[in-house]
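The structure appears right after this line, and notes come after that.
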Amino acid sequence: MQGDRWSRLSPLLDELLELTGPSRDARLARIAREDGELAAELKKMMSLEDERPDFLAQPLVDANLFAPQAGQEIGPYRLVAPLGEGGMGQVWLAMRSDGLYERRVALKLLRPGLGDAGLRARFTRERQILARLGHAHIARLLDAGISQDGQPYLALDYVRGDPITDYAKKHGLDVRTRLHLFAQVCAAVSHAHANLVVHRDLKPSNILVTPAGEVCLLDFGIAKLLDQAAEELTEITQTDSRAFTLHYAAPEQLRREAITTMTDVYSLGVVLYELLTDCIPYDLERQTDAAWEEAILGAEPIRPSAAVARLAKESGLLVDRRRVRHLSGDLDRIILKTLDKVPEHRYPSVEALAQDLRRYLDGQPVQARSQSFGYRARKYLRRHALAVGLGGAATAVLTITLAIVTWQANRAVQEASRAQAMQDFVIALFENTGNASHAQGLDVRALLDAGVRRADTELATQPQARAELLGLIARLRSGLGDDRETLRLLDRQQEIIHSLGPSAPPTLQLEAAALRGRSLRELGRAQDCLTALSPLLSKARDEAHRAPLQTAEFESQLGRCHRQLNGRDVARDLFGESLKLRRGNAGSGALEAESQTDLALLQLDDGQTVEGISALRDALAKLRASVGERNALGVDIWRSLGEAYDRQDNLVESEAAYRQALDIALGRFGTQHPRTTAVQQRLAEELARVGKLQEAERLLELAEDSVGQRWGSDSLQFAEIVSLRGRLALDRDRAADAETALTEAVRLWREHTQLSAHAWDLCWLAMAQSDQAKDALAESSGRECVAVLRSKSGEHPGTALALLGEAALDRGDRERAQQWLGQVDAIPVNARDPAVALARARVAVLSDAPDTDARLAASLQLLPDDAAHRRGRWQLQALQAAHTCRVESWLIGQTLRAQALAAAKLGEPEHLRLQRRLQRMSADCPAAN
Numbered sequence: 001m002q003g004d005r006w007s008r009l010s011p012l013l014d015e016l017l018e019l020t021g022p023s024r025d026a027r028l029a030r031i032a033r034e035d036g037e038l039a040a041e042l043k044k045m046m047s048l049e050d051e052r053p054d055f056l057a058q059p060l061v062d063a064n065l066f067a068p069q070a071g072q073e074i075g076p077y078r079l080v081a082p083l084g085e086g087g088m089g090q091v092w093l094a095m096r097s098d099g100l101y102e103r104r105v106a107l108k109l110l111r112p113g114l115g116d117a118g119l120r121a122r123f124t125r126e127r128q129i130l131a132r133l134g135h136a137h138i139a140r141l142l143d144a145g146i147s148q149d150g151q152p153y154l155a156l157d158y159v160r161g162d163p164i165t166d167y168a169k170k171h172g173l174d175v176r177t178r179l180h181l182f183a184q185v186c187a188a189v190s191h192a193h194a195n196l197v198v199h200r201d202l203k204p205s206n207i208l209v210t211p212a213g214e215v216c217l218l219d220f221g222i223a224k225l226l227d228q229a230a231e232e233l234t235e236i237t238q239t240d241s242r243a244f245t246l247h248y249a250a251p252e253q254l255r256r257e258a259i260t261t262m263t264d265v266y267s268l269g270v271v272l273y274e275l276l277t278d279c280i281p282y283d284l285e286r287q288t289d290a291a292w293e294e295a296i297l298g299a300e301p302i303r304p305s306a307a308v309a310r311l312a313k314e315s316g317l318l319v320d321r322r323r324v325r326h327l328s329g330d331l332d333r334i335i336l337k338t339l340d341k342v343p344e345h346r347y348p349s350v351e352a353l354a355q356d357l358r359r360y361l362d363g364q365p366v367q368a369r370s371q372s373f374g375y376r377a378r379k380y381l382r383r384h385a386l387a388v389g390l391g392g393a394a395t396a397v398l399t400i401t402l403a404i405v406t407w408q409a410n411r412a413v414q415e416a417s418r419a420q421a422m423q424d425f426v427i428a429l430f431e432n433t434g435n436a437s438h439a440q441g442l443d444v445r446a447l448l449d450a451g452v453r454r455a456d457t458e459l460a461t462q463p464q465a466r467a468e469l470l471g472l473i474a475r476l477r478s479g480l481g482d483d484r485e486t487l488r489l490l491d492r493q494q495e496i497i498h499s500l501g502p503s504a505p506p507t508l509q510l511e512a513a514a515l516r517g518r519s520l521r522e523l524g525r526a527q528d529c530l531t532a533l534s535p536l537l538s539k540a541r542d543e544a545h546r547a548p549l550q551t552a553e554f555e556s557q558l559g560r561c562h563r564q565l566n567g568r569d570v571a572r573d574l575f576g577e578s579l580k581l582r583r584g585n586a587g588s589g590a591l592e593a594e595s596q597t598d599l600a601l602l603q604l605d606d607g608q609t610v611e612g613i614s615a616l617r618d619a620l621a622k623l624r625a626s627v628g629e630r631n632a633l634g635v636d637i638w639r640s641l642g643e644a645y646d647r648q649d650n651l652v653e654s655e656a657a658y659r660q661a662l663d664i665a666l667g668r669f670g671t672q673h674p675r676t677t678a679v680q681q682r683l684a685e686e687l688a689r690v691g692k693l694q695e696a697e698r699l700l701e702l703a704e705d706s707v708g709q710r711w712g713s714d715s716l717q718f719a720e721i722v723s724l725r726g727r728l729a730l731d732r733d734r735a736a737d738a739e740t741a742l743t744e745a746v747r748l749w750r751e752h753t754q755l756s757a758h759a760w761d762l763c764w765l766a767m768a769q770s771d772q773a774k775d776a777l778a779e780s781s782g783r784e785c786v787a788v789l790r791s792k793s794g795e796h797p798g799t800a801l802a803l804l805g806e807a808a809l810d811r812g813d814r815e816r817a818q819q820w821l822g823q824v825d826a827i828p829v830n831a832r833d834p835a836v837a838l839a840r841a842r843v844a845v846l847s848d849a850p851d852t853d854a855r856l857a858a859s860l861q862l863l864p865d866d867a868a869h870r871r872g873r874w875q876l877q878a879l880q881a882a883h884t885c886r887v888e889s890w891l892i893g894q895t896l897r898a899q900a901l902a903a904a905k906l907g908e909p910e911h912l913r914l915q916r917r918l919q920r921m922s923a924d925c926p927a928a929n
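Heads up: the sequence shown runs through residues 1 to 929, numbered per full-length UniProt numbering.
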């Protein structure tokens with residue numbers, strides 16, 4: 001069978017197999033009228049399937065006929081060289097070849113010739129799983145699609161590196177360095193678990209380490225979705241039978257019992273065992289599968305230190321003897337806990353395992369070991385040997401709590417340097433984490449309130465010490481996101497500073513003013529920020545030579561308020577001065593990175609996207625080199641990168657940047673912090689653009705709770721949440737829910753006189769109403785949307801007209817659709833506007849223009865083949881299919897239709913409204929009944 005013949009037969013065969021009885025017979029009869037030989041081949045294949053049910057589970061054609069070849073193009077990618085293959089498919093090194101941008105990818109292809117529905121389901125499931133994940137240590141899904149000849153593909157990050165165990169041996173890493181490397185693995189797996197994904201095949205060859213020392217987790221081909229329906233999972237995993245790697249499999253995998261996150265804990269335990277010992281966990285007499293199964297199910301693993309001791313005895317190497325000392329005790333117990341035969345006796349999560357390893361590295365008692373008094377005392381003495389030598393009073397000082405910081409402030413009058421050290425420690429603790437959860441159950445806000453009360457009593461006669469302490473607590477409150485409480489504390493502090501008169505330290509006033517500006521801006525009160533800070537600018541600059549860092553912070557905060565009010569030139573001057581003041585100060589790398597970020601954001605504001613991205617990357621590099629990226633500034637830079645990439649329609653990089661920002665924010669600030677909420681909202685918007693609607697809704701629910709508590713349900717901030725909720729409901733084909741949410745959003749925009757800036761919600765509302773056949777309401781909302789857009793200076797409502805026309809067609813109102821769409825022809829061509837391109841094609845089809853074919857092809861040519869424009873391309877392809885069926889060839893049109901529907905179902909399976917629209921748009925090309 002020739003390849004072009006198969007490319008015609010394959011989609012028709014898939015379609016027929018989904019039909020039964022009379023429907024299948026009628027469809028086959030229609031194919032026979034078009035191509036009798038093709039129909040005969042299809043009938044023969046289906047009869048063989050009826051006689052032998054496993055027939056189509058075997059290769060339908062000679063696999064070699066369609067085996068990928070170097071130089072072949074699959075979608076927008078050109079194959080370069082094979083990287084590997086497994087039971088399900090092949091992985092190729094490939095290059096993006098459509099000229100949009102250059103990138104090397106690992107292109108995963110379903111093994112050629114396979115018709116096994118189970119394998120196809122696994123392939124689809126892997127795409128769904130990867131789409132959920134976005135982590136610095138997990139190979140990202142960059143793209144997914146179906147090639148012209150029906151070949152599904154997944155494009156992933158191409159990772160050059162060595163398996164983690166090989167990397168450790170090659171570089172001679174010590175135990176502590178290996179544990180830090182393993183911590184990256186735990187972070188990646190923990191992220192997967194947080195997204196309800198169990199990997200099920202963790203092993204060194206799936207955990208690569210790049211030359212830069214960065215871990216990357218690969219191959220989610222047999223991963224399990226914890227929220228997948230049981231019957232669906234059972235059907236799929238029949239194909240997964242023994243797909244895991246035996247040596248790293250947990251006992252429950254061999255026993256075909258329930259798979260949970262603790263299954264991955266076991267596999268990680270085997271990896272950790274090999275990483276630290278260079279040995280396998282079991283003493284096997286023979287290296288056979290049966291021996292491995294027997295050991296995994298019944299044998300106790302060798303104690304890691306004993307395994308290395310035996311290795312040291314055989315090799316005589318001093319390095320192995322040192323490793324025995326490291327492993328003996330805590331690490332032995334940690335590793336053996338992960339390898340327990342009973343899942344419930346292991347660590348309950350990968351995060352719990354990672355925390356115990358961190359405790360070991362920090363010299364603290366580990367949870368894997370019994371917490372006897374003697375054990376805990378020895379650990380304490382090792383951590384605080386110096387303090388114990390100095391005596392009980394010094395040891396007490398090392399036990400850092402806010403109550404002691406408050407008490408210490410009382411002695412700051414005589415011991416200023418000591419109090420400053422204590423303050424700096426606690427400020428760093430809270431500002432870099434901002435997360436009450438790090439206090440292990442302590443109610444941090446209650447402690448801060450207690451600190452204020454103690455200051456009122458114990459420091460009543462020492463106003464300067466009291467002002468300093470109130471400033472400290474205000475900064476901590478700001479770090480927790482409590483900006484209203486921060487302002488209340490600053491007001492109290494200001495009263496004390498005013499009472500001090502000329503004796504008040506200028507630096508104290510500068511710090512208070514800068515913090516006030518920040519909190520006002522965070523609360524959306526940028527004009528109040530200018531009112532409070534601008535009169536102090538001259539005084540701040542007078543202090544620049546004595547207090548450069550405090551002056552720099554003041555100018556930065558004032559500049560950000562100007563930027564928020566579009567005063568970019570003033571902001572640029574302030575940011576530049578701040579950067580000059582910060583340069584050259586010891587340990588100021590992170591502060592310089594902050595100023596560089598401020599200047600980069602101005603470049604983005606000016607439309608210099610490429611330059612802005614480059615500047616943000618430079619700032620990120622400086623931050624990493626100084627203090628690392630897992631802090632507030634790291635969140636802000638990654639979020640800004642996400643926004644910048646989104647402007648370029650580079651949705652892959654944008655989503656990845658937002659995910660990195662969210663990962664840092666959750667780790668440092670927790671779920672309720674404003675920084676976390678802001679990133680959740682931006683990521684939800686990005687996920688909506690790429691069709692990951694279910695995840696977007698989950699994120700939005702989390703953000704909605706936090707925004708409602710912080711701003712109230714009648715705020716502008718809450719309106720943004722409700723608006724996005726409505727758009728997501730519309731995309732998921734829940735028109736009634738969409739109408740409810742969008743009606744509320746429009747109400748809030750009207751109340752705050754912001755409707756002109758959010759007129760699009762009226763258009764989305766019109767579509768939701770149209771989908772419910774509420775024609776009069778849809779017409780009213782649509783008219784108002786277009787009118788508001790036209791009233792805005794320099795904005796043409798072309799996209800709105802196009803979408804309203806499509807909505808009218810969806811409800812069968814051809815006359816009104818032509819009125820809307822007819823206005824689009826007067827709009828200048830915008831090559832990047834899918835809706836306008838589609839509208840022009842629609843006009844041609846509706847008017848039976850003689851050049852319809854050319855106009856359809858031209859519209860398709862205008863839209864790049866990327867994630868930002870694929871919805872428009874699919875709709876144009878559906879329209880092209882319907883036109884081809886009507887005026888040219890039903891068979892060709894059906895093939896085009898099948899390709900468009902399959903691509904949309906694979907690319908955005910959750911976008912039900914889009915799939916319904918594609919069905920309607922190609923209704924002139926129906927399947928046979």
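Ideal Cβ placement from N, Cα and C applies to all residues, glycine included.
- Here L620 carries a helix assignment [DSSP, helix/strand/coil].
- Close CB contacts of A593 within its chain, under the 7 Å cut and outside five residues either way in sequence, are with A619, K622, L623, S626 and L633 (chain order).
- Put simply, the backbone Cα of A800 is about 52 Å away from that of L353.
- According to the DSSP secondary-structure assignment, W292 is paired through a beta bridge with no residue.
- Taking 7 Å as the cut-off, the beta carbon of V690 is found no closer than this to the beta carbon of L662.
- Between L574 and L558, the CB-CB gap stays under 7 Å.
- Residue pairing of W890 in beta bridges, as defined by DSSP: absent, with no partner found.
- A direct Cα-to-Cα measurement between E285 and I296 gives close to 14 Å.
- With the rule of 3 Cβ pairs closer than 8 Å, the stretch 277–294 does not count as touching the stretch 203–221.
- According to DSSP, R104 shares a beta bridge with M95.
- Assignment of V627 by DSSP, reduced to helix, strand and coil, places it in the coil class.
- With contacts defined by Cβ atoms closer than 7 Å, L700 and L730 do not form a contacting pair.
- Boundaries for D278: no alpha helix (DSSP H) harbours it, and the DSSP string shows neither H nor E there.
- As the crow flies, the alpha-carbon of E485 is around 31 Å from that of E697.
- Under the three-state reduction of DSSP output, R78 falls in the strand class.
- CA-to-CA, the gap between A778 and R816 works out to about 12 Å.
- Per DSSP, the beta-bridge partners of Y153 are L109 and G145.
- At the C-beta level, L863 and R871 stay beyond 7 Å of one another.
- Cβ atoms of L860 and R842 stay farther apart than 8 Å, at about 13 Å.
- Residue environment: G269 is assigned as buried (16 or more neighbouring CB atoms within 10 Å of its CB, all protein chains considered).
- Within the stretch 520–573, complete beta strand (DSSP E) segments of at least 3 residues are not found at all.
- For the 7 Å CB-CB criterion, F554 and A532 do not form a contact.
- With 16 or more other Cβ atoms inside 10 Å of its own Cβ, A512 counts as buried.
- Scanning V209, L254 and L918 for the CA closest to the CA of D162 turns up V209.
- The DSSP-derived three-state label of L662 is helix.
- Counting every other CB atom within 10 Å of its CB across the protein chains shown gives E126 a total of 16 or more, marking it as buried.
- Taking 7 Å as the cut-off, the beta carbon of P76 is found no closer than this to the beta carbon of R104.
- Boundaries for C925: no alpha helix (DSSP H) harbours it, and the DSSP string shows neither H nor E there.
- Secondary structure of L914 (DSSP, three-state): helix.
- In terms of CA proximity to T884, A857 leads the group S499, R783 and A857.
- Using a Cβ-Cβ distance cut-off of 8 Å, the stretch 782–792 and the stretch 899–919 are not in contact, since fewer than three pairs of beta carbons, one from each stretch, lie closer than that value.
- Distance from the CA atom of P365 to the CA atom of D332, rounded to whole angstroms, is 14 Å.
- Minimum Cα-Cα distance from I335 among the listed residues P22, P304 and L520 corresponds to P304.
- Between Q681 and the set E468, R668 and V707, the nearest pair of CA atoms involves V707.
- L912 places its beta carbon less than 7 Å from that of D733.
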